[in-house]
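Trainee: Residues 4 to 575, numbered by the working numbering, are exactly what the sequence shown covers, in order.
Below you will find the structure I want to go over with you.
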Amino acid sequence: MAVDDLVEPSGAEPAEAPGVTEATETTEPAEPGRRARVRRVAARVLTGLAAALLLFALVVPNQPSQLTPAAFLRIPAEGLIAAGLLLALPANRWRRLAAVLLGIVIGALLIVKTIDIGFFGVLDRPFDLVLDWPMFGPTVKFLADSYGETLARLLAAAAVLLAVAVLVLMPLALLRVTPLLVRWRTRAAGVVGVLAAGWVAFALAGVQIVPGVPLAAHNAGRFEQVYDSLRDAEVFATQLAHDEFRYVPDDRLLTALRGKDVVLAFVESYGRSVVDPTADPELAAGLTDVLADGDHRLTAAGFSTRSGFLTSPTAGGGSWLAHATLLSGLWVDNQQRYDTLASSDRLTLLHAFQRAGWRTVGVHPGVTLPLDYRAAGYDAFYMNQDMGYQGPSLTWNHVPDQYTLSFFERAARSGESEQPVMGELGLLSGHLPWFQPPQLVDWDAVGDGSIFHGMESESDPQEAMATDPDRARPAYVKAIAYSVRTIVSYLETFGDDDLVMIIVGDHQPASVVTGSGASHDVPISIVSRDPAVLDRIAGWGWTPSLRPDPAAPVWPMDGFRDRFLTAYGSPP
Numbered sequence: 004m005a006v007d008d009l010v011e012p013s014g015a016e017p018a019e020a021p022g023v024t025e026a027t028e029t030t031e032p033a034e035p036g037r038r039a040r041v042r043r044v045a046a047r048v049l050t051g052l053a054a055a056l057l058l059f060a061l062v063v064p065n066q067p068s069q070l071t072p073a074a075f076l077r078i079p080a081e082g083l084i085a086a087g088l089l090l091a092l093p094a095n096r097w098r099r100l101a102a103v104l105l106g107i108v109i110g111a112l113l114i115v116k117t118i119d120i121g122f123f124g125v126l127d128r129p130f131d132l133v134l135d136w137p138m139f140g141p142t143v144k145f146l147a148d149s150y151g152e153t154l155a156r157l158l159a160a161a162a163v164l165l166a167v168a169v170l171v172l173m174p175l176a177l178l179r180v181t182p183l184l185v186r187w188r189t190r191a192a193g194v195v196g197v198l199a200a201g202w203v204a205f206a207l208a209g210v211q212i213v214p215g216v217p218l219a220a221h222n223a224g225r226f227e228q229v230y231d232s233l234r235d236a237e238v239f240a241t242q243l244a245h246d247e248f249r250y251v252p253d254d255r256l257l258t259a260l261r262g263k264d265v266v267l268a269f270v271e272s273y274g275r276s277v278v279d280p281t282a283d284p285e286l287a288a289g290l291t292d293v294l295a296d297g298d299h300r301l302t303a304a305g306f307s308t309r310s311g312f313l314t315s316p317t318a319g320g321g322s323w324l325a326h327a328t329l330l331s332g333l334w335v336d337n338q339q340r341y342d343t344l345a346s347s348d349r350l351t352l353l354h355a356f357q358r359a360g361w362r363t364v365g366v367h368p369g370v371t372l373p374l375d376y377r378a379a380g381y382d383a384f385y386m387n388q389d390m391g392y393q394g395p396s397l398t399w400n401h402v403p404d405q406y407t408l409s410f411f412e413r414a415a416r417s418g419e420s421e422q423p424v425m426g427e428l429g430l431l432s433g434h435l436p437w438f439q440p441p442q443l444v445d446w447d448a449v450g451d452g453s454i455f456h457g458m459e460s461e462s463d464p465q466e467a468m469a470t471d472p473d474r475a476r477p478a479y480v481k482a483i484a485y486s487v488r489t490i491v492s493y494l495e496t497f498g499d500d501d502l503v504m505i506i507v508g509d510h511q512p513a514s515v516v517t518g519s520g521a522s523h524d525v526p527i528s529i530v531s532r533d534p535a536v537l538d539r540i541a542g543w544g545w546t547p548s549l550r551p552d553p554a555a556p557v558w559p560m561d562g563f564r565d566r567f568l569t570a571y572g573s574p575p
């Protein structure tokens, strides 16, 4: 039948075919077909996105420096294992259960990698699945002190919600992909087999497209880390029980320092990178004139200096771990060790000075929560709210180093007591985020710190200090230069023949300053007018300057206590 046969002659009414309604003359019959095609396309896109999300979670590196497009070109061992398991299970019910459980595992892996990125960005190490959970409290507190409590709570809540969303989305994504694997079981099994063989070959050959990122991706190292962390308490308890210096009589402790005031000043983020031109020429160049001027001024004031390097147990943060390590002579690199040490009767340097007749005083503006300071070895302890500071909030800790040193001098050394003082101080002007430091003022004018009002200047946003090296690096150098100048000025003003100062960095700054993979070394200096004090450490090979020679000895920080007690007292 021709098309013309379906058309009525001109001017006539069209005839209605039996059983055909008006709707059959519209375009409605084609609509369901288009909707079906749209649904099919949308389903394929959704499945593709699910597969991409799973692949992303499995291959994304856990270090900020490795987040490049080429780093995602990897074969994930966990993905091959999951695919093989889903293909091997015979029943849909078991496959769905396996997909949910595997999806949760993959989601947890992505969460851990995300936390790793944050840990590497600040502490230059991965997150410890067993020992690092207590670190989240100080992290939230730091955010509250830096950005406000409301924003800190919002960020913490957002992080929790995001983690929950990941743990929900990953199982859904794997449930979406699983039917596709089963439908093409034979082909999928072949692809998995080829990729598995490739994974083994690449793993044995150590192939890397991006340095430090193996093409054969896996997370087996996490299991080893968990095992070591679970055993850590037992290992540390054994180390803690062994302390030969505990039994040295009081009258043989620190005999070469009797009558001296000893000040141990921890300088925040004072790391090797800012003093060693072979480690970071640009950073070290920024402090060259400051250290040289400090040497000149100290010499003119009758002081001599010896400097070397210690390797800190932490980097970028966790200052209290470094403090505990140097004072106790034990390697304290996690919160579990710190808490165990705090509840023990270990002989720290504070206890040694206390037993030998010194009055031990702590001044720590970064501490805001009460602590059992007497058990820690302090006769007196001043934290942030005890210091009476009325100046501006110039940085995270709110208290400039000049005020901290001035407060210590007034609170601990200006009295008429004949008992020598051992002071342990936290100088925190070098703490992230780095702000424009204040000017040094006459020490008699420091008062309650009000004089620093008006010295605030425009600084880069705090976010830039954590993410932008071009802004963070010069700001960091200025902060450390201020700390060094302040210490030198303090020694010029208040130093005498009976003052010995130990200046030590707690850790290197965050990796936004040093880059990834920097050493954990920090400078340490002993400054005194008394030649006999420095003669005691003549065999240490330290440099006669505030700047240690790049070839100066490097000791682990936990070795300092024993060396110091031996040099200035009697060995056990």
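Even glycine gets a Cβ: it sits at the ideal position worked out from N, Cα and C.
1. In chain order, which continuous runs of the alpha helix (DSSP H) of length 4 or greater are located wholly inside the stretch 48 to 114?
2. Whole angstroms is fine: what's the gap from V364's alpha carbon to F410's?
3. Given a cut-off of 8 Å, decide if S519 and S68 are closer than it, judged by their beta-carbon atoms.
4. Check whether the Cβ atoms of L58 and A85 lie closer than 8 Å to each other.
5. By Cβ distance below 6 Å, which residues in the same chain neighbour A26 in space, the five residues on each side in sequence not counted?
6. Going by the CB atoms, is the gap between L207 and A102 shorter than 8 Å?
7. In the DSSP assignment, find the unbroken beta strand (DSSP E) run with V194 in it and report its ends.
8. Check whether the stretch 336 to 343 and the stretch 439 to 453 touch, using three or more Cβ-Cβ pairs below 8 Å as the test.
9. Per DSSP, what kind of secondary structure is V41 in: helix, strand or coil?
10. May I ask you to report which of helix, strand or coil DSSP gives Y250?
11. Compare the beta carbon distance of I490 and V507 with 8 Å and say whether it is the shorter of the two.
12. For G369 and P214, I'd like the C-alpha separation in whole angstroms.
13. Could you check what DSSP says for M173 in three-state terms: helix, strand or coil?
14. Between K481 and Q442, is the Cβ-Cβ spacing less than 8 Å?
15. Count the other CB atoms, across all protein chains shown, that sit within 10 Å of the CB of P547; report buried if there are 16 or more and exposed otherwise.
16. Under 8 Å between the Cβ atoms of L324 and T314?
17. Once the 5 residues before and after D584 are set aside, which same chain residues still bring their CB inside 8 Å of it?
18. Roughly how many angstroms separate the alpha carbons of F563 and I540, rounded to a whole number?
19. Which first and last residues belong to the alpha helix (DSSP H) in which D237 is found?
20. A383 lies in the alpha helix (DSSP H); which residues open and close that run?
21. Within this structure, are the beta carbons of R358 and L256 separated by less than 8 Å?
22. So if DSSP puts I529 in a beta bridge, which residue, or which two residues, is it bridged to?
23. If you run the structure through DSSP and keep just helix, strand and coil, what is I540?
24. Where R566 and A355 are concerned, what is the direct C-alpha to C-alpha distance, given to the nearest angstrom?
25. Would you tell me roughly how many angstroms separate the C-alpha atoms of T117 and A259, rounded to the nearest one?
26. Do L61 and A220 have their C-beta atoms within less than 8 Å of each other?
27. Just curious, the beta strand (DSSP E) that W558 is in, first and last residue?
28. Going straight from the alpha carbon of T30 to that of A39, what length do you get?
29. Distance, Cα to Cα, A5 vs R37?
30. Please list the terminal residues of the continuous alpha helix (DSSP H) segment that includes E412.
31. What first and last residue would you give for the beta strand (DSSP E) that runs through D264?
32. Are the stretch 371 to 381 and the stretch 267 to 282 in contact at 8 Å, needing three or more beta carbon pairs?
33. Determine the extent of the alpha helix (DSSP H) in which I483 is found, giving its start and end residues.
34. Under 8 Å by Cβ, that's how I've got W558 and R309 pegged, so tell me the actual separation to the nearest angstrom.
35. On a Cα-Cα basis, can you pick out the residue from Q211, V516, V265 that is closest to R416?
36. Give the straight-line distance between the Cα atoms of V402 and V278, rounded to the nearest whole angstrom.
Mentor: By the coordinates alone:
1. 80 to 91
2. Taking the sequence shown and counting its residues from 1, one reaches residue 364 at position 361. Taking the sequence shown and counting its residues from 1, one reaches residue 410 at position 407. Cα-Cα distance, rounded: 12 Å.
3. The residue you call residue 68 lines up with position 65 of the sequence shown. The residue you call residue 519 lines up with position 516 of the sequence shown. The answer is yes: Cβ separation under 8 Å.
4. Reading the sequence shown from its first residue, position 55 is the one you call residue 58. Reading the sequence shown from its first residue, position 82 is the one you call residue 85. Not closer than 8 Å, so no.
5. Here residue 26 refers to the residue found at position 23 when the sequence shown is read from its first residue. Low per-residue confidence applies at A26: pLDDT is 39, beneath 50, and the placement is therefore not dependable enough to give any value.
6. The residue labelled residue 102 in the question sits at position 99 within the sequence shown. The residue labelled residue 207 in the question sits at position 204 within the sequence shown. Going by C-beta atoms, A102 is not nearer than 8 Å to L207.
7. Taking the first residue of the sequence shown as position 1, residue 194 is located at position 191. Counting along the chain, V194 falls outside any beta strand (DSSP E), though it belongs to the alpha helix (DSSP H) covering 188 to 208.
8. no
9. Indexing the sequence shown from 1 puts residue 41 at position 38. Note: V41 maps to helix in three-state DSSP.
10. Position 247 of the sequence shown holds residue 250. Here Y250 sits in helix by DSSP.
11. In the sequence shown, residue 490 corresponds to position 487, counting from 1. In the sequence shown, residue 507 corresponds to position 504, counting from 1. The answer is no: Cβ separation not under 8 Å.
12. As a first step, residue 369 is located in the sequence shown; it is residue number 366 there, counting from the start. As a first step, residue 214 is located in the sequence shown; it is residue number 211 there, counting from the start. Looking at the two C-alpha atoms, the distance is approximately 38 Å.
13. As a first step, residue 173 must be located in the sequence shown, where it is residue number 170. M173: helix per DSSP, three-state reduction.
14. The residue given as residue 481 occupies position 478 in the sequence shown. The residue given as residue 442 occupies position 439 in the sequence shown. In this structure, Q442 does not lie closer than 8 Å to K481 by Cβ.
15. Reading the sequence shown from its first residue, position 544 is the one you call residue 547. Flag for P547 reads exposed.
16. For the purposes of this step, residue 324 is taken as residue 321 along the sequence shown, with counting starting at 1. For the purposes of this step, residue 314 is taken as residue 311 along the sequence shown, with counting starting at 1. Against a cut-off of 8 Å, the Cβ pair of T314 and L324 comes out as no contact.
17. There is simply no residue 584 to check, as the chain begins at 4 and stops at 575 in what is shown.
18. Taking the first residue of the sequence shown as position 1, residue 563 is located at position 560. Taking the first residue of the sequence shown as position 1, residue 540 is located at position 537. Taking the straight line from one Cα to the other gives about 12 Å.
19. Within the sequence shown, the letter at position 234 stands for residue 237. Correcting the residue identity first, residue 237 is Glu in this sequence and not Asp. Its alpha helix (DSSP H) spans residues 223 to 244.
20. In the sequence shown, residue 383 corresponds to position 380, counting from 1. Looking at the DSSP string, A383 is not in any alpha helix (DSSP H); the run it does join, the beta strand (DSSP E), is 383 to 386.
21. Counting from one through the sequence shown, the residue named residue 358 turns up at place 355. Counting from one through the sequence shown, the residue named residue 256 turns up at place 253. Closer than 8 Å, so yes.
22. Within the sequence shown, the letter at position 526 stands for residue 529. BP columns for I529 point to R309, I505.
23. In the sequence shown, residue 540 corresponds to position 537, counting from 1. If DSSP states are grouped into helix, strand and coil, I540 belongs with coil.
24. The residue labelled residue 566 in the question sits at position 563 within the sequence shown. The residue labelled residue 355 in the question sits at position 352 within the sequence shown. So the two alpha carbons sit approximately 13 Å from each other.
25. Indexing the sequence shown from 1 puts residue 117 at position 114. Indexing the sequence shown from 1 puts residue 259 at position 256. When rounded, the distance between both Cα atoms is 51 Å.
26. Taking the first residue of the sequence shown as position 1, residue 61 is located at position 58. Taking the first residue of the sequence shown as position 1, residue 220 is located at position 217. Yes, they are a contact pair.
27. Translated into the one-based positions of the sequence shown, residue 558 becomes position 555. Start and end: 557 to 559.
28. The sequence position of residue 30 within the sequence shown is 27, counting from 1. The sequence position of residue 39 within the sequence shown is 36, counting from 1. In this prediction, T30 has a pLDDT of 46, which is less than 50 and means its spatial position is unreliable; nothing more can be read from the coordinates.
29. The count along the sequence shown starts at 1 and reaches residue 5 at position 2. The count along the sequence shown starts at 1 and reaches residue 37 at position 34. Reliability fails at A5, whose pLDDT of 39 lies under 50, so the model's placement of it is uncertain and no value is given.
30. On the sequence shown, residue 412 is found 409 positions in, with the first residue counted as 1. Run containing E412: none; DSSP gives neither H nor E here.
31. Taking the first residue of the sequence shown as 1, we reach residue 264 at position 261. 264 to 270 is the span of the beta strand (DSSP E), which, as asked, contains D264.
32. no
33. Taking the first residue of the sequence shown as position 1, residue 483 is located at position 480. Looking at the DSSP string, the run of the alpha helix (DSSP H) that includes I483 is 472 to 497.
34. By one-based count along the sequence shown, residue 558 stands at place 555. By one-based count along the sequence shown, residue 309 stands at place 306. About 13 Å; that fails the 8 Å criterion.
35. Along the sequence shown, read from residue 1 onward, the residue named residue 416 stands at position 413. For the residues Q211, V516, V265, the minimum Cα distance to R416 belongs to V265.
36. Translated into positions along the sequence shown, residue 402 becomes position 399. Translated into positions along the sequence shown, residue 278 becomes position 275. About 24 Å.
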